[in-house]
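The next block holds one structure in the form of structure tokens; read it before the comments.
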Amino acid sequence: MTEVQKIEFSPEAMLEVSRIVSHYPQDKMKSALLPVLHIAQNEFGGWLSAETMDYVARLLHIHPIEVYEVATFYSMYNTKPVGKILIEVCQTGPCCLNGAEKIVSYIEKKLNIKVGETTKDNMFTLKTVECLGACGYAPMFQIGETFYEHLTEEKVDMILENLKQEKLKAINN
Amino acid sequence: MGRKLLLEHLNKANINTMEGYLQNGGYRSVEKALKKMTPDEVTEEVKKSGLRGRGGAGFATGMKWSFLDRNSGKPRYLLCNADESEPGTFKDRLLMEKIPHLLIEGMIVSSYALGCRTSYIYIRGEYMFILRILEKAIAEAYAKGYLGENILGSGYSLDLHVHPGAGAYICGEETALIESLEGKRGNPRIKPPFPAIAGLWGCPTIVNNVESIAAVVPIINDGGDEYAKIGIGKSTGTKLISASGNINKPGVYEIEMGISVEEFIYSEEYCGGIKNNLELKACVPGGSSVPILPKHLLLKMSDGNPRLMTYESLSEGGFATGSMLGSGGFIVYDEKACIVRNTWNFARFYHHESCGQCSPCREGTGWMERVLHNIEYGHGKMEDIDLLWDIQRKIEGNTICPLGDAAAWPVAAAIRHFRHEFEYHVKYPNRVFDEDHVYQPEMKMQKV
Numbered sequence: 001m002t003e004v005q006k007i008e009f010s011p012e013a014m015l016e017v018s019r020i021v022s023h024y025p026q027d028k029m030k031s032a033l034l035p036v037l038h039i040a041q042n043e044f045g046g047w048l049s050a051e052t053m054d055y056v057a058r059l060l061h062i063h064p065i066e067v068y069e070v071a072t073f074y075s076m077y078n079t080k081p082v083g084k085i086l087i088e089v090c091q092t093g094p095c096c097l098n099g100a101e102k103i104v105s106y107i108e109k110k111l112n113i114k115v116g117e118t119t120k121d122n123m124f125t126l127k128t129v130e131c132l133g134a135c136g137y138a139p140m141f142q143i144g145e146t147f148y149e150h151l152t153e154e155k156v157d158m159i160l161e162n163l164k165q166e167k168l169k170a171i172n173n
Numbered sequence: 001m002g003r004k005l006l007l008e009h010l011n012k013a014n015i016n017t018m019e020g021y022l023q024n025g026g027y028r029s030v031e032k033a034l035k036k037m038t039p040d041e042v043t044e045e046v047k048k049s050g051l052r053g054r055g056g057a058g059f060a061t062g063m064k065w066s067f068l069d070r071n072s073g074k075p076r077y078l079l080c081n082a083d084e085s086e087p088g089t090f091k092d093r094l095l096m097e098k099i100p101h102l103l104i105e106g107m108i109v110s111s112y113a114l115g116c117r118t119s120y121i122y123i124r125g126e127y128m129f130i131l132r133i134l135e136k137a138i139a140e141a142y143a144k145g146y147l148g149e150n151i152l153g154s155g156y157s158l159d160l161h162v163h164p165g166a167g168a169y170i171c172g173e174e175t176a177l178i179e180s181l182e183g184k185r186g187n188p189r190i191k192p193p194f195p196a197i198a199g200l201w202g203c204p205t206i207v208n209n210v211e212s213i214a215a216v217v218p219i220i221n222d223g224g225d226e227y228a229k230i231g232i233g234k235s236t237g238t239k240l241i242s243a244s245g246n247i248n249k250p251g252v253y254e255i256e257m258g259i260s261v262e263e264f265i266y267s268e269e270y271c272g273g274i275k276n277n278l279e280l281k282a283c284v285p286g287g288s289s290v291p292i293l294p295k296h297l298l299l300k301m302s303d304g305n306p307r308l309m310t311y312e313s314l315s316e317g318g319f320a321t322g323s324m325l326g327s328g329g330f331i332v333y334d335e336k337a338c339i340v341r342n343t344w345n346f347a348r349f350y351h352h353e354s355c356g357q358c359s360p361c362r363e364g365t366g367w368m369e370r371v372l373h374n375i376e377y378g379h380g381k382m383e384d385i386d387l388l389w390d391i392q393r394k395i396e397g398n399t400i401c402p403l404g405d406a407a408a409w410p411v412a413a414a415i416r417h418f419r420h421e422f423e424y425h426v427k428y429p430n431r432v433f434d435e436d437h438v439y440q441p442e443m444k445m446q447k448v
């Protein structure tokens, strides 16, 4: 069954959008696009559908193509659905010197998915990303706005279990 | 014990709050600059200090400021480049995360010097949690009257905003950063025109790294001449080094320019030596874009003198035998590290981050990644090594922005100094599948 969700910002999100737009000259509203797309992605399921991008375009008085070209350029914008918990493991050189590849393999085995895939229950998506600025605290991954550093297999187990329980609680409430 | 101009109060209680920051001498440079100095006098101190851009290019900051067009009639903008994405670099993160007010103080003084009414901090999207910290600190600054209208009754007004990126290394390049701030894809612009003439929305703009702007605070507090007393030659003041890799104590270290590379790697005050009692094999001293150096070229210059942590000393010998200080992203490799694998890893990075405008970069980075992948996974041919050399040579200098060069240099350096590892991968494709990817004894570097 498909869910049809009307794309419209909550009042809180709208307030945040107004605050952001006020940072730029009045005729330069397009500058708000990157921060507003982050808000939109968080509001509407962790990804940017065409409907969501069209809505943002209308809000900022720009053409949809101007939103599509930005959403497809920057790696933090997901133009396809993702699971409830998006795990982004750094895979760049310095992290690899400290076991990043082993952590990726461990998560793949643990969740029974490959990099880029989502678990069948739609709970976890695993991605590898480039240098996150945590090279001295490797290996590490980012989930949401949080960096989880100095990872071990035990820590990975704990972090993922805790996050999953939080999500399940939130869903059931 | 080296002097700490930026991180002196790092571990003081509440240093991330206005209260804690003020208790440790914060915002003195704002009082001094706005009440006792003209904007040009501030710029003069920065020139005297010899401060060089701390993002990686090392261009004289005072000179860059003097290029700003002050007569266009258009608003002028100062953009702080907090897009920190150079692999191996995490110093700006520490500054902003732990002592946000230091950056804000530096932004106020620098904006005053440049005559800006509104300034922005462009921060990489992955540092969203730091954006929150900065916005909280900015709100504290407004509440205390350090931002907004008529700061401290000086007549100078400034608004400061934080603007997030969304995952693009290329947006650390100043013109791509400007494009991104304008709400577009991060495609670098051809220079000239330089941002100092036509930048953000076509207005005169200066883009400076986080650490450069933070350094303006001690420069104004103590004077440019005092700052210039630290360091050697054209490498004055202190530098934040991000140390990572196979060392005992990875982390951010503030060093006085001029300590030796050997001391930095082995002293307990800094990296504490190589982990697990292994031998040092190689080092990338300034972020992934700078040439990797084998141990014998890293620790000594061509005249036999110890190599120092300065711009000049790390560049001595050019790319034949030297490297660069760059961003100070200091990555250390032990004897078990695979240089071929590391080169492939970096090639994959640059291919992913290429904006795609220039054919040599867009196609060349992808090509190098594929050839390196073949070699690393046992499908390489001997001709591939010269092919790689040829590809990187044809990217270098043929692109709108330096990302092409940044992609070419690691490949060139790896082949120049570690060709035997590439040949080993081609000659013995089966051995590269060892679980730890450990080399056979005959492949170890000759000890000097």
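Heads up: the sequence lines are chains P and R, in that order.
My numbering applies: residue 1 is where the first sequence begins, and numbers increase by one.
My numbering applies: residue 1 is where the second sequence begins, and numbers increase by one.
Glycine included, C-beta positions come from ideal geometry on N, C-alpha and C.
Taking DSSP as the reference, what is the three-state secondary structure of Met443/R? At Met443/R, the pLDDT of 42 sits below 50, so the modelled position is not reliable; the number obtained from the coordinates is stated separately. Met443/R falls in the helix class under three-state DSSP.
Where Leu97/P falls, given that 16 or more other Cβ within 10 Å makes a residue buried: With 16 or more other CB atoms across the displayed protein chains lying within 10 angstroms of its CB, Leu97/P is buried.
Of the choices Pro204/R, Met301/R, Tyr142/R, whose alpha-carbon is the least far from that of Gly317/R? The residue with the shortest Cα to Cα distance from Gly317/R is Met301/R.
Give the single residue among Glu12/P, Pro25/P, Tyr137/P, Thr152/P whose Cα lies nearest to the Cα of Tyr106/P. Nearest option by C-alpha distance: Thr152/P.
Give the list of continuous beta strand (DSSP E) stretches no shorter than 3 residues that lie fully inside the segment 100–169 of chain P. The segment 100–169 of chain P contains these whole beta strand (DSSP E) runs: 124–129, 141–143, 146–148.
The alpha helix (DSSP H) that contains Thr52/P, what's its start and end? Looking at the DSSP string, the run of the alpha helix (DSSP H) that includes Thr52/P is 50–59.
Neighbourhood of Ser72/R by C-beta, 6 Å cutoff - its chain only, sequence neighbours within 5 removed: Excluding positions up to five away in sequence, the list reads Pro204.
Leaving aside the five residues before and after Pro39/R along the sequence, list all residues of the same chain whose C-beta is less than 8 Å from its C-beta, in chain order. For Pro39/R, where only same-chain residues beyond five positions count, the Cβ hits under 8 Å are Tyr112, Ala113, Leu114, Gly115.
Assigned secondary structure, Gly450/R (DSSP; H/G/I helix, E/B strand, else coil): Outside the modelled stretch of chain R, which goes from 1 to 448, sits residue 450/R, for which no answer is possible.
Distance between Gly223/R and Ile213/R (C-alpha atoms, nearest Å): Rounded to the nearest whole angstrom, the CA to CA distance from Ile213/R to Gly223/R is 15 Å.
Distance, Cα to Cα, Lys12/R vs His101/R? Answer to the nearest angstrom: the Cα atoms are 14 Å apart.
Gly251/R CB to nearest chain P CB: under 8 Å? Chain P contact via Cβ: present.
Compare the C-alpha of His150/P against each of Ala170/P, Cys95/P, Ile143/P and name the closest. Closest in alpha carbon position to His150/P, among Ala170/P, Cys95/P, Ile143/P, is Cys95/P.
Please work out which residues of its chain come closer than 7 Å, Cβ to Cβ, to Ile130/R, disregarding the five sequence neighbours upstream and downstream, and give them in chain order. Hits under 7 Å: Arg93, Met96, Glu97, Ile123.
For Glu182/R, the three-state DSSP class (helix, strand or coil): Glu182/R falls in the coil class under three-state DSSP.
Indicate whether Pro195/R and Glu174/R have their beta-carbon atoms separated by less than 8 Å. Taking 8 Å as the cut-off, the Cβ atoms of Pro195/R and Glu174/R count as close.
Is the segment 137–157 of chain R touching the segment 175–184 of chain R, taking contact as three or more C-beta pairs under 8 Å? No: the two stretches stay apart, fewer than three of their Cβ pairs being nearer than 8 Å.
Looking only at DSSP bridge pairs, what is Tyr122/R linked to? DSSP output for Tyr122/R lists Asn81/R, His163/R as bridge partner(s).
Option nearest Gly397/R by Cα separation, candidates Gly50/R, Gly364/R, Lys136/R, Asn276/R: Ranked by how close their Cα comes to the Cα of Gly397/R, the residues Gly50/R, Gly364/R, Lys136/R, Asn276/R have Gly364/R in first place.
Any C-beta of chain R within less than 7 Å: which residues of the segment 50–66 of chain P qualify? Correct list: empty, as no residue qualifies.
Please name the residue, chosen from Gln91/P, Leu111/P, Gly133/P, Ala134/P, that lies closest to Phe124/P on a Cα-to-Cα basis. When C-alpha distances from Phe124/P are compared across Gln91/P, Leu111/P, Gly133/P, Ala134/P, the shortest belongs to Leu111/P.
Roughly how many angstroms lie between the CA atoms of Ala198/R and Leu177/R, to the nearest whole one? When rounded, the separation of the alpha-carbon atoms in Ala198/R and Leu177/R is 14 Å.
Rounding to the nearest angstrom, what Cα-Cα distance links Pro360/R and Gly287/R in this structure? Rounded to whole angstroms, the gap between the alpha carbons of Pro360/R and Gly287/R is 22 Å.
Could you round the C-beta distance between Ile258/R and Leu308/R to whole angstroms and report it? I think they count as a contact, below 8 Å. In the sequence under discussion, the amino acid at residue 258/R is Gly, which differs from the Ile named in the question. Indeed they touch by this definition, with Cβ atoms about 5 Å apart.
CA-CA distance, Lys127/P and Gly93/P? Taking the straight line from one Cα to the other gives about 16 Å.
Measuring CB to CB, does Gly125/R end up less than 8 Å from Met76/P? Contact: yes.
Run through DSSP, which three-state label would Ser315/R get? Helix at Ser315/R.
Is it the case that the Cβ atoms of Val56/P and Leu37/P are separated by a distance below 8 Å? Their beta carbons are under 8 Å apart, which means Val56/P touches Leu37/P by this criterion.
Backbone CA spacing between Lys35/R and Tyr142/R [nearest angstrom]: Their Cα atoms are separated by approximately 18 Å.
Can you give me the C-alpha to C-alpha distance between Gly56/R and Thr89/R, rounded to a whole angstrom? If I take the Cα positions, the gap works out to 10 Å.
Proximity of Thr72/P and Ile7/P at Cβ, strictly below 8 Å: Pairing Thr72/P with Ile7/P gives a Cβ-Cβ distance that is not under 8 Å.
Following the continuous beta strand (DSSP E) through Thr238/R, name the residue where it begins and the one where it ends. Residue range 238–245 is occupied by the beta strand (DSSP E) that includes Thr238/R.
Starting from Glu256/R, follow its DSSP beta bridges and name the residues at the other end. The partner list for Glu256/R (beta bridge, DSSP) reads Thr238/R.
Looking at the unbroken beta strand (DSSP E) that takes in Asn208/R, where does it start and where does it end? Residues 205–209.
Within-8 Å CB hit, Lys155/P to chain R: With 8 Å as the cut-off, Lys155/P does not count as an interface residue toward chain R.
Where Glu69/P meets chain R, residues with beta-carbon distance less than 9 Å: Those within 9 Å of Glu69/P in chain R are Lys184, Arg185.
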